[in-house]
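> Just so you know, the sequences run in chain order A and B.
In this text, residue positions in the first sequence follow our numbering: the first is 102, and each later residue adds one.
In this text, residue positions in the second sequence follow our numbering: the first is 102, and each later residue adds one.
C-beta atoms are modelled at their ideal positions from N, C-alpha and C, and glycine is treated no differently.
For reference, the structure I am asking about is given below.
2 protein chains.
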Amino acid sequence: MTTARRDTYTPETLLSVAVRVFNERGYDGTSMEHLSKAAGISKSSIYHHVSGKEELLRRAVSRALDELFGILDEEQARTGRAVERLEYVVRRMVEVLIAELPYVTLLLRVRGNTVTERWALERRREFDHRVAELLKEAAGDGDVRADVEVRLATRLVFGMINSIVEWYRPDGRGMGAREVADAVVQLAFGGLRKAGAARG
Amino acid sequence: MTTARRDTYTPETLLSVAVRVFNERGYDGTSMEHLSKAAGISKSSIYHHVSGKEELLRRAVSRALDELFGILDEEQARTGRAVERLEYVVRRMVEVLIAELPYVTLLLRVRGNTVTERWALERRREFDHRVAELLKEAAGDGDVRADVEVRLATRLVFGMINSIVEWYRPDGRGMGAREVADAVVQLAFGGLRKAGAARG
DNA sequence: CCTTGTACCGACCGATCGTTCGGTTACTCT
DNA sequence: AGAGTAACCGAACGATCGGTCGGTACAAGG
């Protein structure tokens, strides 16, 4: 609920303020009054730039979804051995999560109360499904363990990746996207236990 | 927003209805009117059983937190090699998450808008810290990989575990807590990649 | 029969919700 | 100079918010 000032607003610059507040207070917990205070303009002025609260949400989750689906179109996500493509997608997901942190954060928190939220949930499921197919293919190649169900493994790896939005903060001297992506790939593919000490 | 009926309500039975609705619509997105419809009694009658909306939240997150902290007091979480205690705690966390699914779900979605929510966040951080110490100890024993920071690894494993509330549904013929716990332990400690195919 | 207490209710409270409306200011284009 | 427009504002809209109030129905206990 800090107060910001800009020369003049565009829908995009207003969106960046709104998304920050949405993430701090939750979408439902944020009133247009909160947004106007944070943006430094009056409540009614917000309607000069966007049609309403829900448009802000729609723009935000669209941006996040576009970036995520974009990963699947990249060269290294489309060619090569499935397990390598999967590793690439996991790494890129982490990078996109961090590059578009507030937008992806908002996307991952939608509950489904409005049409916009339900649409976002559906597109998320579609993305998850695409990645699950990649893992399934890698399992078919014999490159990933067969003793954990593909669907379950996908969900758990997604859980690991998506949790980044709950703690990552880009404050200067912290770690970068690359380091986090390395850690996620090493943990997701290699596990916690020291290499060579297999059991269970 | 289905309509339920009970003989008469106690704070506890009312809580179970409220928590269900909170999880469906989000805490902020749930009005007392929503709760009254779901409980099948009038809005004012709710105040006969509890002091208000926030008490329902407080009761719910307290229950979840008590169960989680209870894990750390159990015999197998206190004695033995650190890596074994850690594995036990991870397994029990999954079991508690599933046994108390709606309550833990609500706990994990708290944002910090009210005093109750901030208190819940603080206790969560304390629990996370206790588990992080366990992982640190296991790293000191040389039982877990040293190439991923302890703090980061803790967060990622928590992310994997906590994500269960986003997809697990206890519908009859699905998998049980035991199976999910097995999968989490295998993935968290052993990773996706087939044993013996180490790299990176 | 009468009191007491539990479980509940409809009507209502002031506050706040997302949104609309009728302006005003200031800059650009001709 | 005058017209047009982008950016903004305060005041107010009906709806809904969490919560309060004075009451009723009813069962139990004496």
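Output needed for Q287 of chain B: all residues of its chain with C-beta closer than 7 Å, excluding positions within five of it in sequence on either side, in chain order.
If we look at Q287 of chain B and ignore the five residues flanking it on each side, it has no Cβ neighbours.
> Under 7 Å Cβ-Cβ, which residues of chain B neighbour M261 of chain A?
Those are L257, G260, M261, listed as they occur along chain B.
> Taking all protein chains shown into account, decide if K295 of chain A is buried (16 or more other Cβ within 10 angstroms of its Cβ) or exposed.
Buried.
> On the DSSP bridge list, what partners appear for R246 of chain A?
Answer is none; R246 of chain A lacks a bridge partner.
> Would you check if there are 3 or more beta carbon pairs closer than 8 Å linking the stretch 152-163 of chain A to the stretch 108-121 of chain A?
Taking 8 Å as the limit for Cβ pairs, the verdict is that the stretch 108-121 of chain A does touch the stretch 152-163 of chain A.
> Taking contact to mean 3 or more Cβ pairs, one atom from each stretch, closer than 8 Å, check whether the stretch 168-181 of chain A and the stretch 194-204 of chain A are in contact.
They touch, by the three-pair rule.
> Output the distance between the C-alpha atoms of T109 of chain B and M133 of chain B, rounded to the nearest integer angstrom.
Going from the Cα of T109 of chain B to the Cα of M133 of chain B covers about 18 Å.
> Assuming G127 of chain B and R212 of chain A form a contact by the criterion Cβ under 8 Å, report the distance between their Cβ atoms to the nearest whole angstrom.
Rounded, the Cβ-Cβ distance is 5 Å, consistent with contact.
> Within 10 angstroms of its Cβ, does A302 of chain B collect 16 or more other Cβ (buried), or is it exposed?
Residue 302 of chain B lies beyond the range of chain B shown here (102 to 301); nothing can be said about it.
> Taking G241 of chain A as part of the alpha helix (DSSP H), name the residues at either end of that continuous run.
Per DSSP, G241 of chain A belongs to the alpha helix (DSSP H) from 216-241.
> What separation, rounded to the nearest whole angstrom, lies between the Cα atoms of E223 of chain A and P112 of chain A?
Rounded to the nearest angstrom, the two C-alpha atoms are 25 Å apart.
> Give the range of the alpha helix (DSSP H) segment to which P171 of chain A is assigned.
As written in the sequence, residue 171 of chain A is Gly, which differs from the Pro given in the question. Its alpha helix (DSSP H) spans residues 154-174.
> Given this structure, state the Cα-to-Cα distance separating L173 of chain B from H150 of chain B, to the nearest angstrom.
If you take the alpha carbons of L173 of chain B and H150 of chain B, they lie about 33 Å apart.
> Hey, would you say G292 of chain B sits closer than 8 Å to F228 of chain A, going by beta carbons?
Not closer than 8 Å, so no.
> Short of 9 Å Cβ to Cβ, which residues in the stretch 271-300 of chain A face chain B?
From the stretch 271-300 of chain A, only M276, E280, V281, D283, A284, V285, V286, Q287, L288, A289, F290, G291, G292, L293, R294, K295, A296, G297, A298, A299, R300 have a Cβ closer than 9 Å to chain B.
> Within 8 Å (strictly less), CB to CB, does L166 of chain B reach chain A?
Not closer than 8 Å to any Cβ of chain A, the Cβ of L166 of chain B fails to qualify, so no.
> Under DSSP, the alpha helix (DSSP H) around L187 of chain A begins and ends at which residues?
183-200 is the extent of the alpha helix (DSSP H) around L187 of chain A.
> On the three-pair Cβ rule with 8 Å, is the stretch 176-188 of chain A touching the stretch 133-147 of chain A?
Output reads no: the stretch 133-147 of chain A does not touch the stretch 176-188 of chain A.
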